[in-house]
Every structure is written in structure tokens, then in C-alpha cells.
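Visitor:
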Amino acid sequence: MKNMLLPLFAASALMMGTATVSAAPVNQQALTPTTVTSVKQAHQLKDDSKVLLKGQVVKSLGDEKYEFRDSTGTIKVEIDDELWGGRALSPTQTVTLLGEIDIDYKPTKRVEVDVDEVRF
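In C-alpha cells, the structure reads:
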């Protein structure tokens, strides 16, 4: 009888151990970043990576595209008109942008940010 219970307890302990190993969220990629990403870092990230940028939108490039700048450089961002909420923005005003990296490889590699939220 003892010989039959030992494998049962061992299997039970093993299953309990594996249940606690995967404590990371399964939707990690969908979570909003909590630390600011620099423009320099953003240029190195993978496609669809979530970013939180803090700096200035310095000029309009047309068609909902803008040039964004922080202390490490500039990057093109796409901000849908409705995200502005009817607010005007000066090139010196600091804003926070939440979005994801969008990489296009044709004809050459181009990195920009597709903005989901603008915080004034």
C-alpha cells in the first residue's frame, strides 16, 4: 500500500510545483508599460512592442503623422485626430504618448509609433 501512495504524492507535488512556476501574466504584451521608453530605445525595439514616450510633438508631417522629440532623438508618430480631444499643442509642451512600435521594411527599415493615447 505504501508503494502505491508514494508515486501518487510525488505526482501531486510535481503538479503543484509547476502551477506556481508560471506566475507571469499570459497577456504581458498587452499591458501598458510603466517606465518611460526613450526615442533611442524605441528605435531598437521589436514590431508591436508597447512604449511610453515622454517629450514634445515638435511638428506636423501631414496625414496624422508628427515628429516627436525627447532628449535622445526624434521619431515619427501617428496620432489619430480624435486622440487630441480638441486641444491645441505647442512644440514646447511636454506630453506622454502610449502606443506601439510599427516597423515597415519596404523599401528600407522605417520605425514609427502608432499612438493609442495622448496624455497632456
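Numbered by mature numbering (1 follows the signal peptide of the UniProt record, and there is no 0), the letters in the sequence shown go through residues -23 to -1, 1 to 97 in order. Even glycine gets a Cβ: it sits at the ideal position worked out from N, Cα and C.
In the structure shown, what three-state DSSP assignment does L74 receive?
Guide: For the purposes of this step, residue 74 is identified with residue 97 of the sequence shown, where counting begins at 1. Correct three-state label for L74: strand.
Visitor: Hey, which unbroken runs of the alpha helix (DSSP H) at 4 residues or more fall wholly within the stretch 3 to 82?
Guide: You should have 16 to 19.
Visitor: Determine, using beta-carbon pairs with one atom in the stretch 89 to 97 and one in the stretch 50 to 62, whether at least three such pairs fall under 8 angstroms.
Guide: yes
Visitor: May I ask you to list the residues that DSSP assigns as paired with D93?
Guide: Residue 93 sits at position 116 when you count from the first residue of the sequence shown. According to DSSP, which records beta bridges pairwise, D93 is partnered with nothing at all.
Visitor: Measuring CB to CB, does R96 end up less than 7 angstroms from T71?
Guide: By one-based count along the sequence shown, residue 96 stands at place 119. By one-based count along the sequence shown, residue 71 stands at place 94. No.
Visitor: Exposed or buried, what is V28 when buried is set at 16 or more other beta-carbons lying within 10 Å of its beta-carbon?
Guide: Here residue 28 refers to the residue found at position 51 of the sequence shown. Buried is the call here.
Visitor: Let me know if K17 comes out buried or exposed under the rule of 16 or more other beta-carbons within 10 Å of its beta-carbon.
Guide: Within the sequence shown, numbered from 1, the residue matching residue 17 stands at position 40. Exposed is the call here.
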